[in-house]
Structures are given as structure tokens and as C-alpha cells.
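Just remember that this note's numbering sits 15 ahead of the position in the sequence shown, which is counted from 1.
For every residue, glycine included, the Cβ atom is placed at its ideal position computed from N, Cα and C.
Keep in mind it's a predicted model, so treat the numbers as computed, not measured.
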Amino acid sequence: MDLFLPWILAYMIDVVVPTGSINGILLWGGAMVVCSVIAVLASIKANRMASSVARDAVKAIRHDVYEKTTYLSASQADRFTAPSLISRLTSDTYNIHRTIGLMQRIGVRAPILLLGGILMTLTLDPVLTLVMLGVLPFATATVYFISKKGIPLFDSLQQEVDRLVRTVRENISGARVIKALSKTAYEKERFDGVNRRVVQAETKANKTIAATTPLMNLFLNSGLALVILASAYRVNAGLTQPGVVIAFMTYFTIILNSMLSITRIFVMFSRGIASADRIHDILATEPELAVKALD
Numbered sequence: 016m017d018l019f020l021p022w023i024l025a026y027m028i029d030v031v032v033p034t035g036s037i038n039g040i041l042l043w044g045g046a047m048v049v050c051s052v053i054a055v056l057a058s059i060k061a062n063r064m065a066s067s068v069a070r071d072a073v074k075a076i077r078h079d080v081y082e083k084t085t086y087l088s089a090s091q092a093d094r095f096t097a098p099s100l101i102s103r104l105t106s107d108t109y110n111i112h113r114t115i116g117l118m119q120r121i122g123v124r125a126p127i128l129l130l131g132g133i134l135m136t137l138t139l140d141p142v143l144t145l146v147m148l149g150v151l152p153f154a155t156a157t158v159y160f161i162s163k164k165g166i167p168l169f170d171s172l173q174q175e176v177d178r179l180v181r182t183v184r185e186n187i188s189g190a191r192v193i194k195a196l197s198k199t200a201y202e203k204e205r206f207d208g209v210n211r212r213v214v215q216a217e218t219k220a221n222k223t224i225a226a227t228t229p230l231m232n233l234f235l236n237s238g239l240a241l242v243i244l245a246s247a248y249r250v251n252a253g254l255t256q257p258g259v260v261i262a263f264m265t266y267f268t269i270i271l272n273s274m275l276s277i278t279r280i281f282v283m284f285s286r287g288i289a290s291a292d293r294i295h296d297i298l299a300t301e302p303e304l305a306v307k308a309l310d
């Protein structure tokens, strides 16, 4: 429904308003209100469904991972380490929960608005659409290369989180020994070192991914400036109507927001893929212990 609003607005400005028909203005204005209400209600319903699906999916994943850990032999558990298993059951499943929810809320909506916005602009003014499409390959390449670089960084971050969990677990389980041997200062220093490495890993990963938004804004706003410049010449030459230009700017804003939303998806997708690979390592492990069915 969001895609119809700019088209209706352009029609009102270029066709309905010049006739001076109050009834026509009220009719098409009411159509815009109806489209807006339908869009809001559909968005609320879609967000609720996305939350439910993400919750149920991660519940099943967490159950399967926990069930698999109960069948691991001692050597297999030592290979993964207990802190790593805890981290995969908690932070990794949480990352997957966020990724699934975001993919459903934005991953479906953003591409539809992107492609729909491009198609609607083609019906308004193909020349201005070609100007806009010139910047999309640069934006797409930016998202792809930065996301590709971010996946291994988030994988390294999760490994550092495993070390942090292991350190905390050792300090809790060995609290009496640490106090008896007067190792409190040493353990604090050791924890600070591990915590510092986690901060450094997360900072590096987030800085790499954060470069996506300013680059996207640079490319897309440059395209917007070119579109405005081309629109001025075309309106002055009588090739384009003012209402079409206003609608085109609205569609360009929709396309801009869709591209930024897709960027958010790839940012979260990079973190989710790293967590999914770690969970897959557990689920793909064949238990060494033979489990006999109870009669």
C-alpha cells in the first residue's frame, strides 16, 4: 500500500487539483487514508507473526542443541569446551533469534518496496529512473563486500566470548581456592585481559560493519541530487509534471530506506551466520556414545 500513496499524490496534483473539484480531492485523499490504515494494520500483523516464528524456531534450535550436548562423549565435550557450549546455547541462539526476526520483518518488506519503487518510478518517468539506477550497483557492491568481510570478524568475536564465559566459570567454581591462595588480584587482571580482547574484537567487527551506512548514504544521496538536478531541467523543458517530480522524490525516499534496511539485514546476517555455523558444528557432530532404546 505504501507504493500507491506517491502515485495517488501525483495524480491529485497534476490532474485533480487543476480541475478545482473538491469532491475529487476528498475522494482521492480518502483513498490515501485508507491505504495508510491498511498498511499500518498489515505491518502490525506481520511484526507479530515474525516474532512468533522467530521465538518458535529458536526454541526448537535450542532444544536440539541441548539434546545433542547430552549425547556427547567426554572427549567431544572437552573438544568444544563447556564455556563454548554454554555460549552457543545462549548468545549464539539469541543472535539467530534476532536474525530470523529481522529477516521476516524487513527481509521481506524491503526488497518488495525496493523493486516496487523502481517499477513505479518507471511508470512515472523512465529517464529519471535511469539516473537513479546508476547509483544502485555501487550501493549493492558496498553491502556485499563489507558483509563478506564482517562474517569472519563476528566469528572471532564469538570465540572471544567463549573465553570470557570460561574465565567467569572458572572464577565462580574456584572461588574458594582463589581466596585461599590470595589470587584475587591475579584473577581480576586475567579477567580484565579477556574482557579487553572481547571489547577489541567487537569494536573491530562493528567498525567494519558501520562503514556500510555512511557509504550507502553517500551513494544514494548523490543519486538523489542527480535526480533533482535532472528533474529541474525536465520540468523547465515541459517534459515532466511537478506532481511527477514530487512523487518521484517520495519513491526515491522509499528506495533509499529500503536499501538502508537491506544494509541492516546484512549487518545482522553477518552475525547470525557466524552463530549458525557454530551451532551447526554441534548438530553435525556424531555422538560417540551408543544410546540404546528403553524397552
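VAL176, DSSP secondary structure in three states:
DSSP places VAL176 in helix when its eight states are reduced to three.
CA-to-CA distance, PHE263 to ALA25, given in whole angstroms:
ALA25 and PHE263: Cα-Cα distance of roughly 9 Å.
Alpha helix (DSSP H) segment containing THR320, residue limits
With the chain covering 16 to 310 only, the question about residue 320 has no answer from this structure.
Would you check if the segment 87-102 and the segment 169-180 touch, i.e. whether three or more CB-CB distances between them fall below 8 Å?
In short, these stretches touch, since the Cβ pair count reaches three.
Residue range of the unbroken alpha helix (DSSP H) whose run includes MET118
Note, MET118: alpha helix (DSSP H), 108-120.
Got a sec, what are the start and stop residues for the alpha helix (DSSP H) ASP296 sits in?
ASP296: member of the alpha helix (DSSP H) spanning 257-298, first to last residue.
Determine, using beta carbons only, whether THR278 and THR228 come nearer to each other than 8 Å.
Taking 8 Å as the Cβ cut-off, THR278 and THR228 qualify as a contacting pair.
Can you give me the C-alpha to C-alpha distance between LEU196 and ILE288, rounded to a whole angstrom?
Whole-angstrom Cα-Cα distance: 43 Å.
For the alpha helix (DSSP H) containing ASP71, name the first residue and the last one.
Unbroken alpha helix (DSSP H) run through ASP71: 37-85.
Tell me whether ASN110 is buried or exposed, calling it buried when 16 or more other Cβ atoms sit within 10 Å of its Cβ.
So ASN110 ends up on the buried side.
Report yes if the C-beta distance between ASP107 and SER290 is below 8 Å; otherwise report no.
Result yes, Cβ atoms of ASP107 and SER290 sit closer than 8 Å.
From TRP2 to LEU298, what does the alpha carbon distance come to, in whole angstroms?
It is not possible to answer for residue 2, since the shown part of the chain is limited to 16 through 310.
How far does the alpha helix (DSSP H) with THR144 in it reach, from first residue to last?
Going by DSSP, THR144 is part of the alpha helix (DSSP H) stretching over 141-148.
What would DSSP say about GLU301, mapped onto helix, strand or coil?
If DSSP states are grouped into helix, strand and coil, GLU301 belongs with coil.
Within 10 Å of its beta-carbon, does ASP17 have 16 or more other beta-carbons around it, so buried, or fewer, so exposed?
Buried, since its Cβ has 16 or more Cβ neighbours within 10 Å.
Within the continuous alpha helix (DSSP H) that includes ARG191, where are the two ends?
If you look at ARG191, you'll find it in the alpha helix (DSSP H) that goes 190-195.
Throw me the rounded Cβ distance for the ILE270 and LEU129 pair, which I believe falls under 8 Å.
Sure, about 6 Å apart at Cβ, within 8 Å.
Quick check on the burial criterion: 16 or more other C-beta atoms within 10 angstroms. Buried or exposed for MET64?
It is exposed - the Cβ of MET64 has fewer than 16 other Cβ atoms within 10 Å.
Neighbour-count burial assignment, SER246, 16 or more Cβ in a 10 Å radius:
Buried: at least 16 other Cβ atoms inside 10 Å.
Tell me which same chain residues have a C-beta within less than 7 Å of the C-beta of ALA72, skipping the five on either side of it?
Annotation for ALA72: ILE115 place their beta carbon closer than 7 Å to its own, counting only its chain and skipping 5 residues before and after.
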